[in-house]
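In the numbering used here, the protein residues as written are 59 to 256.
So this is what it looks like as structure tokens:
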């Protein structure tokens with residue numbers, strides 16, 4: 059199979075209603091798209107070649123980028139490569155994927171970090187291993203940004219806030235429950251409530 063065919067199947071899986079790739083591959087792709095992919099690999103073979111499309115997928119998403127508008131939102135999401143119970147025998151991303159912790163608990167895999175503008179267009183994206191803290195890729199992702207960047211409490215960092223302010227970007231975040239409330243404008247409070255668009 060070509061890289062483009064593999065990417066097409068991976069993207070279409072994430073747009074489908076299937077919750078796991080195995081059922082999607084066996085119950086849908088191999089039956090419905092059998093003629094569209096004459097060199098379709100078996101599920102096991104497909105899983106083995108999936109890591110080779112990580113770089114092309116990142117390049118593809120980079121090509122879809124929108125333009126910074128001055129009102130950007132940042133967030134990250136976990137990309138699980140297997141259930142936690144299967145970590146010891148997982149082979150596909152062995153040595154690449156890492157354990158990490160997100161809002162939904164511990165996972166094994168990667169993190170997708172996204173910056174979107176107020177139109178919902180992707181402005182910057184980065185994939186890291188699961189053990190990378192949310193604040194680590196922010197400086198790189200914010201290089202082309204101006205004015206304001208809104209994030210959740212996972213991006214709380216005085217050092218990061220100061221670095222971004224030197225570059226003309228104001229990092230505005232929510233606070234943890236055990237912290238004193240920050241004085242922020244009603245506009246910024248309203249923008250923080252719109253973080254769901256990421």
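Virtual Cβ for every residue (Gly too), placed ideally from N, Cα, C.
Since the model is a prediction, treat every value here as computed from it, not as a measurement.
About 6 angstroms separates the CB atoms of residue 180 and residue 123; that is less than 8 angstroms, so the two are in contact. By the Cβ neighbour-count rule, residue 64 is buried, with 16 or more other Cβ atoms within 10 Å of its own. Annotated as proximal: residue 218 and residue 193, with beta-carbon spacing under 7 angstroms. Put simply, the backbone Cα of residue 220 is about 13 angstroms away from that of residue 207. Per the Cβ contact rule, the segment 97-109 is in contact with the segment 76-86 (3 or more Cβ pairs under 8 angstroms). At a Cβ-Cβ threshold of 7 angstroms, residue 183 and residue 119 count as neighbours. The shortest CA-to-CA distance from residue 126 to any of 152, 176, 156 is the one to 176. Around the Cβ of residue 114, a 10 Å sphere holds fewer than 16 other Cβ atoms; the residue is exposed.
Just so you know, the alpha carbons of residue 154 and residue 136 end up roughly 15 angstroms apart.
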